[in-house]
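Below: one structure, written as structure tokens.
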Amino acid sequence: MMKVQVQSGPGLLCVGVAKPKPRRLRLNAVFTTQTTAGNDSNSMAASPSPSPSPKWAQKTITLPPLRRGCHLITPKITKEIGEDLSQFNCGLAHLFLQHTSASLTINENYDSDVRDDTETFLNKIVPEGYSAPWKHTLEGPDDMPAHIKSSMFGCALTIPITNGKLNMGTWQGIWLCEHRDSPTARKVVVTLNGI
Amino acid sequence: MMKVQVQSGPGLLCVGVAKPKPRRLRLNAVFTTQTTAGNDSNSMAASPSPSPSPKWAQKTITLPPLRRGCHLITPKITKEIGEDLSQFNCGLAHLFLQHTSASLTINENYDSDVRDDTETFLNKIVPEGYSAPWKHTLEGPDDMPAHIKSSMFGCALTIPITNGKLNMGTWQGIWLCEHRDSPTARKVVVTLNGI
Amino acid sequence: MMKVQVQSGPGLLCVGVAKPKPRRLRLNAVFTTQTTAGNDSNSMAASPSPSPSPKWAQKTITLPPLRRGCHLITPKITKEIGEDLSQFNCGLAHLFLQHTSASLTINENYDSDVRDDTETFLNKIVPEGYSAPWKHTLEGPDDMPAHIKSSMFGCALTIPITNGKLNMGTWQGIWLCEHRDSPTARKVVVTLNGI
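Protein chains in written order, with the numbering used here: chain A, 1 to 195; chain B, 1001 to 1195; chain C, 2001 to 2195.
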């Protein structure tokens, strides 16, 4: 039987159901933040409040040109979408980089050495220059390595939204990794979905 | 023209539309499990049943400390969210690891040698110890390699939900890859969304 | 304060809210395509039109056997889901490959050399054959490398939907990377969600 707890427990995160029929107000599924498998103390509960309504929001953010390497962009992203995030109790934020020679990843948000070391790793693992075996060289020696690095780290992130904020861990941050030598502006399509 | 088939074909997976107006009950898009492009035998159909309502659910699962290496955690995850998954006919399950020195990936669920070999690969590809070029070494020789491995495999997964279950392939399983030497508990934010 | 603009600005992408109560028609969040932080010219607006309704659609596509290497499958995917995509103003498309020895990634859609070079890279970085350190060899020398490559690139993609189309960058395409020597048909579960 499903465990349901409606905004009463200290461990409660969020959740609910958007009902097309306003009269049926019971929340279908509310999880606690603790491991609750086998915990039968959570009982079904009815919510007297109106059902939340699912929302969608989407915008394209333009990031300014950044030098080759890994960059922490959490402040920039939260500045762009923070007000809108605050409208979501529970949901998902999707970030999509519209390029094939840069990447998005989540990693350490504190020591910039981690970003430098990651760039060192990427350059070490993907050959570049005269000894590299690439056929695709028309756009410069850094171009084919950039494509490979983009697929290694990926161009998209999905991050949970909880209580109006990105629910990342304490040390997690959003990185843009620029893999080209010549910095260019980069576009990120942000899509928010939730209740 | 859109192909629509309402819960009648053997190949039907699921799908529907949550209508804010209860009177309009037509499903907008129902796909079959087979490749149907060019197949005109599917005709529009109206559903007599009430529209499904979109649901959101979110919880944080704490995984116990696991030794460095790759671990199959599908049983643990399905134990935690199985009852709630069963409420979803069609949707997506999102798993988000709140850490920067471990990763989530989907890979083989049967032979544990695959997990051992993957750990072997990760250790081979990311230098560790005195010969490694890392600047970030304060937290031990395994720390910077752990950050790199975390970005290589990523910290998040999105898996389709079909008929109340994670719709993975026969041989697919969810892995937690622990990249640190000292095991610590790891938190995963699970977000379910669907109808 | 949240910036809201309802289908009037040239930079407008999309977005809205599915309301369970038909009477409340205000859109909660509409973003522009430009960087708008600090731009106070966007004002709140009410929409006279009915609220959009959230839709879900899901189907399994079978891709024909493809030789080992990277393949551009955007045309195949859009042929399969294009009609259904056109029903979504704003949303997300999720592609999930149900296999552990192939992968999905987004990369360059023009020069096939990029796909060849990426295959060259994968073969260079993951040892194969007699010198490889793998324990899992029962299914052939290409099997364990295939599993590793699958986790490196991943088996899933999430792509924004905007105005009825996949909102990828000009040069982005969807790739299926086949990592086994013997081609087999591959299944992809596609899930669409949006308004």
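Just so you know, even glycine gets a beta-carbon here, dropped at the ideal spot from N, CA and C.
Predicted model only: the values in this text are computed from it and were never measured.
Measuring only the C-alpha atoms, how far is proline 1160(B) from alanine 93(A)? Each residue's Cα considered, the two are about 17 Å apart.
From the DSSP secondary-structure annotation, give me the bridge partner or partners of valine 1126(B). According to DSSP, valine 1126(B) bridges with nothing at all.
So, using beta-carbon positions, are alanine 185(A) and threonine 78(A) closer together than 9 Å? Taking 9 Å as the Cβ cut-off, alanine 185(A) and threonine 78(A) do not qualify as a contacting pair.
Do you know how far the Cα of lysine 1059(B) is from the Cα of isoleucine 1195(B)? 18 Å
Under a Cβ-count criterion, where at least 16 other Cβ atoms within 10 Å of its own Cβ denotes burial, should leucine 1013(B) be classed as buried or exposed? Reliability of the predicted coordinates at leucine 1013(B) is poor, the pLDDT of 41 falling under 50, and the value obtained from them is presented with this limitation in mind. Leucine 1013(B) is buried by the Cβ-count criterion.
On the three-state DSSP scale, how would you describe proline 968(B)? No statement about residue 968(B) is possible, as the shown extent of chain B runs from 1001 to 1195 and does not include it.
Per DSSP, cross-strand counterpart(s) of glycine 1173(B): Asn1107(B)
As a quick exercise: from Gly2154(C), Asn2167(C), Asn2163(C), Gly2169(C), pick the residue whose alpha carbon is nearest that of glutamate 2178(C). When the alpha-carbon of glutamate 2178(C) is set against those of Gly2154(C), Asn2167(C), Asn2163(C), Gly2169(C), the nearest one is in Gly2154(C).
Partner residues on chain B for histidine 2094(C), Cβ-Cβ distance less than 7 Å: Using a Cβ-Cβ cut-off of 7 Å, histidine 2094(C) is close to Leu1092, Thr1158, Pro1160 of chain B, given in chain order.
Could you pull out every residue in the same chain whose Cβ sits closer than 8 Å to the Cβ of leucine 85(A), ignoring the five residues on either side in sequence? The beta carbon of leucine 85(A) sits closer than 8 Å to those of Thr78, Ala93, Ile161, Gly164, Lys165, Leu166, Leu192, all from its chain and outside the five residues before and after it, given in chain order.
So which residues of chain A does methionine 1144(B) contact, with C-beta pairs closer than 9 Å? Asp113, Val114, Asp117, Thr118, Phe121
Which of the three DSSP states is assigned to arginine 2180(C) in this structure? coil
Check the Cβ-Cβ distances between isoleucine 1195(B) and every residue of chain C, and say whether any is below 9 Å. Yes, because at least one Cβ of chain C sits closer than 9 Å to the Cβ of isoleucine 1195(B).
Distance check for glycine 1140(B) and glycine 1129(B), CA to CA, integer angstroms please. 9 Å
Beta carbon proximity, proline 1052(B) to chain C, threshold 9 Å: yes
For threonine 118(A) and aspartate 1117(B), the rounded distance between their alpha carbons: 23 Å
Exposed unless 16 or more other CB atoms sit within 10 angstroms - verdict on proline 145(A): buried
Alpha helix (DSSP H) segment containing glycine 2069(C), residue limits: Where glycine 2069(C) is concerned, there is no enclosing alpha helix (DSSP H), although the beta strand (DSSP E) it sits in stretches over 2069-2072.
For glycine 1082(B), which three-state DSSP category applies? helix
Would you mind working out which of Leu2072(C), His2136(C), Thr2105(C) sits nearest isoleucine 148(A), comparing C-alpha positions? Thr2105(C)
Under the three-state DSSP convention, the category alanine 197(A) falls into: Here chain A has residues from 1 to 195 only, and residue 197(A) is not among them.
Under the rule that 16 or more other beta-carbon atoms within 10 Å means buried, what is leucine 97(A), buried or exposed? buried
Considering only the beta carbon of each residue, do aspartate 143(A) and lysine 1135(B) sit closer than 9 Å? Judged by beta-carbon spacing, lysine 1135(B) lies beyond the 9 Å limit of aspartate 143(A), meaning their Cβ atoms are not closer than that value.
Alpha carbon of alanine 102(A) to alpha carbon of glutamate 1083(B), nearest angstrom: 40 Å
Test: glutamine 1098(B) CB closer than 9 Å to a CB of chain C: no
Strictly under 9 Å for the Cβ-Cβ distance: is glutamate 2108(C) near chain A by that measure? yes
Does the ligand NAD have even one heavy atom less than 8 Å from the beta-carbon of valine 189(A)? In the structure shown, the ligand NAD is absent, as is every other ligand, since no ligand is present at all.
Beta-carbon proximity check, methionine 2152(C) vs valine 2126(C), cutoff 9 Å: Against a cut-off of 9 Å, the Cβ pair of valine 2126(C) and methionine 2152(C) comes out as a contact.
Give the secondary structure of lysine 149(A) by DSSP, where H, G and I count as helix, E and B as strand, and everything else as coil. helix
What does valine 1126(B) touch in chain A if you count any residue whose Cβ is under 8 Å from its own? Phe121
Thinking just about the alpha-carbon of each residue, which of Ser2150(C), Ser2182(C), Ile2174(C) is nearest to the one in leucine 2157(C)? Ile2174(C)
Since tyrosine 110(A) contacts tryptophan 171(A) with CB under 8 Å, what's their CB separation in whole angstroms? 6 Å
In the DSSP output, what is lysine 2165(C) paired with across the bridge? Its beta-bridge partners are Thr2162(C).
Same chain, Cβ closer than 6 Å to isoleucine 81(A), five either side skipped, listed in chain order: Val190
In or out: proline 2133(C) buried (at least 16 other Cβ within 10 Å) or exposed? exposed
Quick check on asparagine 1042(B): does DSSP put it in helix, strand or coil? Residue placement at asparagine 1042(B) is flagged as unreliable, the pLDDT there being 31, under the threshold of 50; the coordinate-derived value follows with that caveat. Correct three-state label for asparagine 1042(B): coil.
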